[in-house]
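Position one of the sequence shown corresponds to residue 90 (my numbering), numbered consecutively onward. Just so you know, even glycine gets a beta-carbon here, dropped at the ideal spot from N, CA and C. All of these numbers come straight from a predicted model, not from anything done at the bench. What follows is a single structure, written as structure tokens, with notes after it.
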Amino acid sequence: MNAQAPENTRVIVGMSGGVDSSVAAARLLDAGYQVEGLFMKNWDEDDGTEYCTAKADFADAQAVADALDIRLHGANFAAEYWDNVFEHFLAEYQAGRTPNPDILCNREIKFRAFLDYALLLGADCIATGHYARRGETQGKATLLRGLDDNKDQSYFLHAVGHRELAQTLFPVGEIAKPEVRAIAARHALVTS
């Protein structure tokens with residue numbers, strides 16, 4: 090994020106309340122982007138006994154949005170998650186294979202559904218707190234490893250489509266985790 094934002098570029102950041110997505114939003118603000126957040130609920134809790142409920146996660150994300158003075162939207166993608174991720178996971182598992190639901194969730198929910206929703210809100214692009222970078226090969230967006238080898242998440246993003254990559258920013262992909270924590274401290278972000 091060495092360059093300044095193109096004028097009037099509106100970006101919506103996927104925000105969980107964690108340090109990585111929080112710092113992604115802060116870095117974009119510092120670079121001059123018009124930033125808003127989106128909290129994605131991807132699972133329906135039925136009894137409130139989950140270790141970390143969506144309600145608590147949303148409160149964490151809202152606290153960060155308040156600290157950064159940005160708007161936080163909420164979206165419920167539980168039906169999309171069930172149809173496009175969980176049912177596939179169950180079918181693969183029943184067939185004796187061990188699928189990785191994170192890869193499908195990233196492709197189908199955290200990028201495709203997120204981008205479609207953000208575009209409906211009028212965003213120019215989206216951003217996440219993933220440790221990855223975006224490049225370009227022969228005019229197509231490509232996925233690159235994050236610079237912090239200890240935190241790189243490109244494996245979990247390898248199935249994300251070119252369309253989604255072309256409209257995604259990875260503000261923490263070019264820095265190391267200690268710098269992420271330092272940026273959070275400078276912005277007085279209390280994160281989970």
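Would you say alanine 265 and aspartate 237 are within 8 Å of each other, going by their C-beta atoms?
yes
For leucine 236, which of helix, strand or coil comes out of DSSP?
coil
Taking 8 Å as the cut-off, does the stretch 245–253 touch the stretch 194–208 (at least 3 CB pairs, one atom from each stretch)?
yes
Below 8 Å on the Cβ atoms is my guess for alanine 113 versus proline 260; work out the distance and round it to an integer in Å.
4 Å
So, at 8 Å on beta carbons, what are the nonlocal neighbours of alanine 221 in its own chain, with the 5 sequence-adjacent residues on each side left out?
Leu232, Leu233, Arg234, Gly235, Asp241, Gln242, Ser243, Leu246, Phe259, Gly262
Helix, strand or coil, according to DSSP, for asparagine 131 in the structure here?
Annotated three-state conformation of asparagine 131 is coil, per DSSP.
What three-state label does DSSP hand leucine 246 in the structure shown?
Assignment of leucine 246 by DSSP, reduced to helix, strand and coil, places it in the helix class.
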